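Line by line, the protein sequences are chains A and B.
With our numbering as the guide, the letters of the first sequence map in order to residues 313 to 619.
With our numbering as the guide, the letters of the second sequence map in order to residues 18 to 725.
The beta carbon of each residue, even a glycine, is placed where N, CA and C say it ideally should be.
Since this is a predicted model, take the numbers as computed values, not measurements.
To start, the structure under review is shown below, and the notes come after it.
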Amino acid sequence: MPYGGWGCARKYWVEDMKVEPTEEELVAPGHRACAGCGCILAMRHALKALGKDVIISMATGCMEVVTTPYPETSWRVPWIHVAFENTAAVASGIEAALKVLGKRHVKSVAIAGDGGTADIGLQALSGAIERGHNFLYICYDNEAYMNTGIQRSGATPYKAWTTTTPIGKVKRGEDRPKKDMPAIVAAHGAPYVATASVAYPLDFIKKVKKAAAIEGPTYIHVQAPCTPGWRIEDSKTIEVARLAVLTGSWVLYEIDQGKLNVTFKPPKRRPIGEYLKLQGRFRHLTDEDISEIQRAVDEQCKRFGLE
Amino acid sequence: MKQVLDGNEAAATAAKLARVKVVSAYPITPQTTIVEKLAEFIADGELDAEYIKVESEHSALSACIGAAATGVRTFTATSSQGLMLMSEMLFVASGLRLPIVMANVNRSLSAPLSIWCFTKDAKVLMGDLTYKSISEVKEGDAVLGKDRNSNLRFTKVKRLFRRRTDNLVELKTDKFNLICTPDHRFYYHPTHEHWIQARSLKSKFLPWFGFGFNDGSDEFKRGWLAGVADGDGSFWWDKQGRHTFRINVKDEIIVDTFVKYCFNFGFDVRKVNYRKNEGLSTGIITLTKETTRLKKFLNFSRNADFCGGYLAGIYDAEGSGPSKVKQVVIYNSNPEILKKISDALALLGIKYKVYIDKRSMNYHTKVNNVPEFFIKCRPVLERKRNNLLKMTIKSVKSRLKIEDVVPIRENTEVYNLETDTNNYIVNGFLVHNCDQQDSMAVRDSGWVQLYCENNQEILDSTLQAFRVAEELLLPVMVCLDGYILSHTAEPIEIPDQAAVDKFLPVYKFPYPLDPEKPVTMGPLGVPEYYEEFRYMLQEAARTSKEKLVEVEKEFKKRFGRSYGLIERYRSDDAKVILLTMGSLSSSAKEVVDAHRKRGEKVGLVKVRSFRPFPNKELIEALGQAKAVAVLERDISLGSAGGLFLDVAASFINVKPAPLMLNFICGLAGRDVSPIQIKEAVQAARKAAETGKVKRAVRWLGLREEVLG
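What follows is the structure, encoded as structure tokens:
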């Protein structure tokens, strides 16, 4: 382990061991996800936390496509895909129906990617949270429209390469910072909002369990690297995801009833360059660019009380 | 149980009777009262359902999809732009085979929006030529409006609308101010059938009919008596030395009215018939004292009501026109009377000319502005009044300038009324009363589309819709015309809840989202399977026709009402058949009647169920005709009208098949006049005679001057 991350991470894993994920695999293997896909991992962990009594509504996107090529399905729980922009609305319909049917023990769970959440699906999500439906929304964030072939989304980080933010002579990559989705949801007054990372599965599982148990609209934003989209080796998914956390570029926190709680504090933050240099999408960055990003990360960490 | 409900309430009531469990809808005019009513039902505990107050129509249908997939009966309602926003989800709902029922209140898709109203002070020109406040107009009242040939016509008020709004404009003229909704359409250019929105009326001159006067006022009656007396009446001393007054007229109504008006003023007039064999009736006063008093009483006055009455009286006695000349003509050679006529006309602001017939030395007073004369003077004699009614709107010569249009933001009650002719006269302006549009744009979405004609049909169709939808796993759209149905109250029969429960058993979706038995819905449809999915969907859509008939049969058995997939109107032996859908049908029926009167074999077929398309029924209904003219208010751009394409396709392998012509007309609610429909009949007849069709797709009523 060249980054020495395991040690720190394990410490927290141990602390989280009281969280007991189900042994059962509710997202069956055999799906068509890419090797090293971080998102499918997020699905698997989420379902381990949720258990059987859920109805999943999923937005159009990678996870929908790779798990359900007819006549096959990876889902061992009831699952519906309707469209790209309305997952939260579908979930609210399911929740209303469950209420009518008296199935209080079944949770309506919406799952969408960053595009289906931060961009095209924002209105439906905002409406559903504001109406206070009892549902959990999980956004798996691979930081671009990966299903259509790596186009930038509102969640694409600053300076990142995508096919619509190419490295040209004049413009070099994405010129806007990432949209702060969890903060937007938190501003709606949702009772529980959390960020997570596929590199910290127990933290993620714990948060999903907690969110699912809360009556009301809850939101979890899980960062999940995309090997082809981020231009990383298939074997580096977890490493990269962990570095995002260890550098402070992706902060793991929860806003529980309005109270912010950073759930993982990297003991000594690593320089952002370590995270960026592993990814082909940041290959074009100059030292100047990297120090600019470092400043932004420092700023962000300061806000969360990280050193 | 009978209840008076408007179309929206009927739809909401049907949803309640169907015991829907999840309602998800987003408000849009004119659908709003459906959502409101359902919210009330739920708030009062009359309906046990979840109402999701979504943030858009897209989410409305999305939530319905989620709920229907979880296994409960769902209902939504929308209109126009809302349906367009839903359209992506329409395809998903049918693709997922979810039996959702929707009420779609048809409204035009683009501006101008058809939400038109006046405040209560607006004065409507009634059939008796008096003006009445719009808030006092009742259903069934006669008002004056423009018919399809641009003639004035008495027309009946079919429905009244009332709502609240704070979006109004005030039209300022030098005579009065009129408040209405900004998009209300006013008749602007008679020769081109051009209607213009209120908001863009500033500095425009509108054809103005003028105000009538206070009918029934004593001054009017006195004027009328004076007019008749100056016309066909005569004062003279008879051989016995009695001062006598007589009128000799063809129409007994004049005598009757004369006698009636005289009684009103306490004069004892007798009606006698001693010149009956000459075709004249006579009214007579023989007492000298009385006669002299009457003569004095009929003194010419410069009161406006008197002048109106005077002109009406003299026109009743000596007037003629305008069937050919389109002018009001009053004959008289007495210079004194001519002066009185001129004075009265001048006082009322009616333009006139006096001509002398050199041979007979008779004087004609001619008025070109027939409607204005008609409305301001109101002749009593029906024959002459009808004569005057046969005049074109084009002969309205007076114009009133709208000086300013000022927006008003004050929440007030506003009114509108619907007439047979779709227009009426307010404060002297001719105004349009509504607009229609169909939901053709989403015909390919796999939804069953039923078009309703009245409120009972809305309620019944909605109940039937749930049955059809749930048995076939196919969503159904019940379409009702905005305002015409949605905001119009009619007494309708509400079935018993128990009877409905028997007709509509508890909803059971065969493949719900249920953790006990997980299913995956809406997976990735790979090409190897997609085609089969579409085929199965098409099969369901196709067989929905039989299902509709079957469900209607059972509905009829239980509730005694049925409607059918198509309506055949005098078409069984027709050689030329008009094919229509929705609101166009009623005016086309009039044209059919006119042709039938002349013994011509013209008929009409109306399509009620557009999806599924009733091709077999149409082959049967149209098969014996020589030519079919398809009139429709839509076009599939780059091809032809949607209805035409489907009908033509129905006959593709059928022989003998009628020749078919397509007429695109009345887009965005533009008037389709009988003349235009007759043009279509003519073309179809020519095709039937020659066996040839030169151009299959034509447009009716295109304004060449706009095209340039």
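In the structure shown, Gly570/A adopts coil according to DSSP, grouped into three states.
Out of Val534/A, His500/A, Lys522/A, the CA that lies nearest to the CA of Val510/A is found in Val534/A.
Looking at the DSSP output, Pro224/B bridges to Arg416/B. DSSP places Gly658/B in no alpha helix (DSSP H); its state is neither H nor E. Cβ-Cβ separation between Ala467/A and Lys490/A: approximately 6 angstroms, consistent with a contact (criterion under 8 angstroms).
Using a Cβ-Cβ distance cut-off of 8 angstroms, the segment 34-48 of chain B and the segment 57-77 of chain B are in contact, since at least three pairs of beta carbons, one from each stretch, lie closer than that value.
At a Cβ-Cβ threshold of 7 angstroms, Leu582/B and Glu634/B count as neighbours.
Non-local beta-carbon contacts of Ser465/A in its own chain, meaning distances under 6 angstroms to residues more than five positions away in sequence, involve Asp426, Gly427, Asp431, Ala456, Tyr457 in chain order. Around Asp61/B, no beta-carbon contact reaches into chain A at under 8 angstroms, the shortest distance being about 18 angstroms. Closer than 7 angstroms to the CB of Asp365/A there is at least one CB belonging to chain B. With its beta carbon less than 7 angstroms from one in chain A, Glu67/B belongs to the interface. Using a Cβ-Cβ cut-off of 7 angstroms, Val122/B does not count as an interface residue toward chain A, since no Cβ of chain A sits closer than that to its own. Here the alpha carbons of Glu507/B and Ser603/B stand approximately 19 angstroms from one another. For Ser509/A, the secondary structure class from DSSP, reduced to helix, strand or coil, is strand. As computed with DSSP, Ile583/B is found in a beta bridge with Val624/B. Annotation: the continuous alpha helix (DSSP H) that includes Ile270/B extends over 269-281.
Rounded to the nearest angstrom, the Cβ distance from Leu161/B to Ile442/B is 5 angstroms, consistent with a contact under 8 angstroms.
Among the CB atoms of chain B, none fall inside 7 angstroms of the CB of Ser465/A. Nearest neighbour of Gly88/B by Cα position, chosen from Phe447/A, Gly373/A, Lys411/A, turns out to be Lys411/A. Ala395/A has a beta carbon lying within less than 7 angstroms of a beta carbon in chain B. Among the bridge pairs identified by DSSP, Phe446/B is matched with Val443/B.
Under the Cβ distance rule, Ile652/B does not count among the residues neighbouring chain A, no pair being separated by less than 7 angstroms.
Just measuring C-alpha positions, the residue of Lys288/B, Ile301/B, Lys221/B sitting nearest Ser251/B is Ile301/B.
The contact set of Thr380/A on chain B, defined by CB atoms closer than 7 angstroms, consists of Thr537, Pro540, Leu541 in chain order. For the 7 angstroms CB-CB criterion, Val71/B and Gly439/A form a contact. Within the segment 421-449 of chain A, contact with chain B at the beta-carbon level (separation under 9 angstroms) is assigned to Gln435, Ala436, Ser438, Gly439, Ala440, Glu442, Arg443, His445. Secondary structure of Arg402/B (DSSP, three-state): helix. Under the 8 angstroms Cβ criterion, the segment 467-485 of chain B does not count as touching the segment 144-154 of chain B, having fewer than three qualifying pairs. Scanning chain A for C-beta atoms nearer than 8 angstroms to the C-beta of Pro532/B yields Lys364, Asp365, Val366, Ile367, Val389, Pro390, Val418, reported in chain order. The beta carbons of Ser462/B and Cys469/B sit no closer together than 7 angstroms. At a cut-off of 7 angstroms between beta carbons, Gly405/A contacts chain B. The C-beta separation of Ala32/B from Ala401/A comes to about 20 angstroms, leaving the pair out of contact by the 8 angstroms criterion. As the crow flies, the alpha-carbon of Tyr327/B is around 17 angstroms from that of Phe228/B. The C-beta distance from Arg650/B to Leu621/B rounds to 16 angstroms, too long to fall under 8 angstroms, and the pair is not in contact.
For Leu364/B, the enclosing alpha helix (DSSP H) has its first and last residue at 352-364. In this structure, Leu297/B lies away from Cys324/B, with their beta-carbon atoms at least 7 angstroms apart.
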